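Start counting the sequence shown at 278; every next residue gets the next number (the working numbering).
For each residue, glycine too, the CB sits at the ideal point set by N, CA and C.
Keep in mind the model is a prediction, meaning the values are calculated, not measured.
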Amino acid sequence: MTSFRGRLWSRLEAICRFMPVIVNTVLVVSITGEVMYLVMVEAPLEPEQKERDWAPLWKGVHLASQIFMFGNILWNASLFLRTSPSIRGVFLEGSAVGQGWSCLLFMWAGLLYAVVLNVEVFIIILKEGITPHSVLLLLMPWIMLITGQVTARAFAFAFVADTCVVGCLCVSAFLFFHVALMLRGQTTREWYSNQRPYSLGWRRNILECLGERWYVAWLCPLIPSPFPGDGIHFLVTAPPSGVRSDNVNSGKN
């Protein structure tokens, strides 16, 4: 029985290993596809509802920015999958650490962009303003669909809008939290213990985190930005708790 449970658990664990990647990919592709659809066909506006058509240049700007953000997210995701966080048997060089800030930044920007576009679409589909009916559709889209209160089209846009709103809030929290950690030169563990032994000032902290080209490195993961350190030894301004000062000095050398 124990052997059967062990094999079953191992199989479930092997399957679930890829679930975060699969779910994230589905969400990113679906949101990108929906936004591109809205821009291309200006849905769901009817001809009599259109005050003016979008200029081809304006559509091109929207599509180019969307494709740029989509490519950045996919490339950073591939770097996360292919870059090992372990240093077992390998001494990492300063330039071996993958850039991940643009993934978090563009996920936030893309979700916020989708939220803004979905608001107008959602209101137009319902042909009403902010009413209890529209609020319930945003909060409980499945129940509204099952009870026949909305069409499948309105449900689809409401579901994507909910996903964008929740995703934007979560990614915003992660983005602002990690920006604060970067500026303070802290890890999450040091944040909770209120320690700042590696803080070298906000400008040097950014340099240590994003590399020498920190001012453009966040734009794209393909931009090289060498790090000043080797990823193993770090400059400190105060001994971390539980570490003797002689060990700190040897680490600095």
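| Asked | Found |
| --- | --- |
| On the CB-based measure, 16 or more other CB atoms within 10 Å of its CB, does Pro498 come out buried or exposed? | buried |
| Evaluate contact between the region 455–473 and the region 334–347, counting only Cβ atoms and requiring at least three cross-stretch pairs below 8 Å. | no |
| Keeping to the same chain, check which residues put their C-beta closer than 7 Å to that of Leu487; ignore five residues upstream and five downstream. | Trp378, Ala494, Trp495, Ser502 |
| Does the Cβ of Glu311 have 16 or more other Cβ atoms within 10 Å, making it buried, or fewer, making it exposed? | buried |
| How many angstroms separate the CA atom of Arg282 from the CA atom of Ala386? | 44 Å |
| Tell me whether Phe451 is buried or exposed, calling it buried when 16 or more other Cβ atoms sit within 10 Å of its Cβ. | exposed |
| Can you tell which of Trp479, Thr302, Thr309, Ala431 has its C-alpha closest to the C-alpha of Ser342? | Thr309 |
| Would you call the CB atoms of Leu460 and Trp479 closer than 8 Å? | yes |
| Where do the ends of the alpha helix (DSSP H) carrying Asn349 lie? | 333–359 |
| Go through its chain and collect everything with a Cβ distance to Leu477's Cβ below 8 Å, but skip five positions before and after it. | Gly462, Glu485, Leu512, Thr514 |
| Measuring straight from C-alpha to C-alpha, what distance separates Met313 and Ile509? | 43 Å |
| Cβ atoms of Gly425 and Leu304: under 8 Å apart, would you say? | no |
| Note the first and the last residue of the continuous alpha helix (DSSP H) segment covering Cys447. | 429–461 |
| Measuring straight from C-alpha to C-alpha, what distance separates Leu285 and Val298? | 22 Å |
| Which of the three DSSP states, helix, strand or coil, is assigned to Glu489? | coil |
| Consult DSSP for Val316 and reduce its assignment to one of helix, strand or coil. | helix |
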